[in-house]
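Colleague: Mind looking over this structure? Questions follow.
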Amino acid sequence: MEYMILAINPGSTSTKVAVYKNENKQFAKSVEHSTAELGLYKSVAEQYPMRLEALQKILRGYGYEPTDFSAVVGRGGLLPPVRSGAYEVNEVMLERLKYRPVFEHASNLGAMLAYEIAVKAGVSAYIYDPIAVDELEPVARITGLPELPRISVIHALNMRAMALRTAKKRGCLYSQLCLIVVHLGGGISMSVHQGGKMIDIVSDDEGPFSPERAGRLPGTKLAELCFSGRYDLKKIQKIFRGAGGLVAHLDTNKALEVETRIKNGDKEAELVYYAMAYQVAKGIGELATVVRGNVDAIVLTGGIAYSGMLTQWIKERVEFIAPVEVMPGENEMESLAWGALRVLRGEEAVHIYEELFE
């Protein structure tokens, strides 16, 4: 049976749209939103009419009507912790994302936009593997301060999709494999998958630095920096996410530019880039201890996984743990559409989002 699926992915400065017929992409389009345009809105929720118009314009341009779709799936936003997989968008979820989001993020609009089109089509709207997926085991939540427990905030959508692809490639069930999956992008996060769950993680603020993020930092020195009087909270947060990592060291967030500098003899660029790979390998080793080294494969994914230089440096340090699979790319639109497709085919159950209100 043929299913037509509309996938919607609102990003911080773009709205990405794609249509799939079963596993086959029919088209993909990204509309960029300027800083001036986004500056007109006080909150992410207020951007909704503008994003909806951009989405509808794309669909009209390709000759699609809402009634052409079997399902609509949006990028999941910052909800309270949820399980992996598909959630049907309902009024409870929309109320949370509109008025009480855990954090302001463009992905919060994914469910809203999907729901709008789905209602017109008379079909279901879903989100799939949102940022808020949290399947950590109790022991993985403990830190040295009870008021600062660990939570799972990772690139869950692409990670789990690549884990599922690895299982399919090996001809077995996802739940039968033990995998370590690393997302190499503007931020770097990692997860260890066992029994069909992401039981522990290394988030982008507790592991390797990345093109834009500072990663794990010495705690005492960090406290001194925060109270030095040189920065307020917003500036510190910007350093952590946006102005750290390669940006801080080399004044660029482009991995390709760094590689070019290395090939031209820039020793500082080589040391910093190598250090990033070194820290990724350390994180993989850290997660391998969670499953006592019983790892079937290590998967490197994300945009920077296209870098043969970086992935080779990582491989050299971790191949003793398990074979390394390189699956480059963000893969977000495919991951959304294929997740919805599994639901339509009855291969996955749908979760219902609920909250207990006081």
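At position 51 of the sequence shown (counting the first as 1) the number is 50 in numbering that gives the first Met the number 0, and the numbers step up by one without a gap.
Glycine residues also receive a C-beta, built at the ideal position from the N, C-alpha and C atoms.
1) Considering only residues of the same chain and omitting the five flanking positions on each side of Met326, which have a CB-CB separation below 8 angstroms?
2) Rounded to whole angstroms, what's the CA-CA distance from Glu357 to Ile200? Just pull it up for me.
3) Let me make sure I understand the geometry here. Which of Ile351, Ala131 and Leu176 has the alpha-carbon closest to that of Pro322?
4) Looking at C-beta atoms only, is the number of pairs between the stretch 313-320 and the stretch 276-285 that lie closer than 8 angstroms three or more?
5) In angstroms with no decimal places, state the Cα-to-Cα distance between Lys266 and Ala254.
6) Between Asp128 and the rest of its own chain, which residues show a CB-CB distance below 6 angstroms, the 5 nearest in sequence each way excluded?
7) So which of Ile351, Asn263 and Thr259 has the shortest CA-CA distance to Gly307?
8) Answer yes or no: do Ser42 and Ser29 have a C-beta to C-beta separation smaller than 7 angstroms?
9) In angstroms, rounded to a whole number, what distance separates the CA positions of Tyr98 and Ser106?
10) In the DSSP assignment, the beta strand (DSSP E) including Ile297 goes from what residue to what residue?
11) Using only the alpha-carbon positions, how far apart do Leu77 and Glu103 sit?
12) Can the beta-carbon of Ser188 be found closer than 7 angstroms to that of Ile153?
13) Tell me the DSSP secondary structure of Cys225 in three-state form.
14) For Tyr273, which of Arg240, Glu331, Ala242 and Ser209 has the nearest alpha-carbon?
15) Terminal residues of the continuous alpha helix (DSSP H) containing Ser11?
16) My guess is that Gly184 and Gly73 are in contact by the Cβ rule of under 8 angstroms, so how many angstroms apart are they, rounded?
17) Does the Cβ of Ala348 have 16 or more other Cβ atoms within 10 Å, making it buried, or fewer, making it exposed?
18) Just to confirm before moving on: does the CB-CB distance between Val191 and Val289 stay below 7 angstroms?
19) So if DSSP puts Gly328 in a beta bridge, which residue, or which two residues, is it bridged to?
20) Per DSSP, which one or two residues make a beta bridge with Gln193?
21) How would you call Ala339, buried or exposed, if buried means at least 16 neighbouring beta carbons within 10 angstroms?
22) I'd like the list of long-range same chain contacts for Tyr230, defined as Cβ closer than 8 angstroms, with 5 residues on each side in sequence excluded.
23) Starting from His248, trace the alpha helix (DSSP H) both ways and give me its first and last residue.
24) Which residues does DSSP pair with Ile351 in a beta bridge?
25) DSSP three-state call for Leu232: helix, strand or coil?
26) Hey, Glu87 and Tyr47: beta-carbon distance below 7 angstroms or not?
27) If we count the other Cβ atoms within 10 Å of its Cβ and call it buried at 16 or more, is Pro145 buried or exposed?
28) Pick out whichever of Tyr2, Val138 and Glu318 has its Cα sitting closest to the Cα of Phe68.
29) My output table needs one value for Ile7: the three-state DSSP class, helix, strand or coil.
30) Taking C-beta to C-beta, are Ala336 and Ala6 nearer than 7 angstroms?
31) Relative to the C-alpha of Leu343, which residue among Ser123, Tyr40 and Tyr61 is closest?
32) Is Ala17 closer than 7 angstroms to Ala27 when the C-beta atoms are compared?
33) What does the alpha-carbon distance come out to for the pair Lys262 and Arg95?
34) Going by beta carbon distance, what residues of the same chain come within less than 8 angstroms of Tyr63, once the five residues before and after it are set aside?
Modeller: By the coordinates alone:
1) Met161, Arg164, Thr165, Val298, Leu299, Thr300 and Ala304
2) Caution applies to Glu357, whose pLDDT of 37 falls short of 50 and renders its modelled position unreliable; the model cannot decide the point.
3) Leu176
4) yes
5) 15 angstroms
6) Ser83, Ala155, Leu156 and Arg159
7) Thr259
8) no
9) 14 angstroms
10) Ala296 to Gly301
11) 8 angstroms
12) yes
13) helix
14) Ser209
15) Where Ser11 is concerned, there is no enclosing alpha helix (DSSP H), given that its DSSP letter is neither H nor E.
16) The pair is not a contact, with the Cβ atoms about 20 angstroms apart (cut-off 8 angstroms).
17) exposed
18) yes
19) Gly301
20) Cys177 and Lys196
21) buried
22) Leu224 and Ile238
23) Leu245 to Leu249
24) Glu87
25) helix
26) no
27) exposed
28) Tyr2
29) strand
30) yes
31) Ser123
32) yes
33) 49 angstroms
34) Leu5 and Val18
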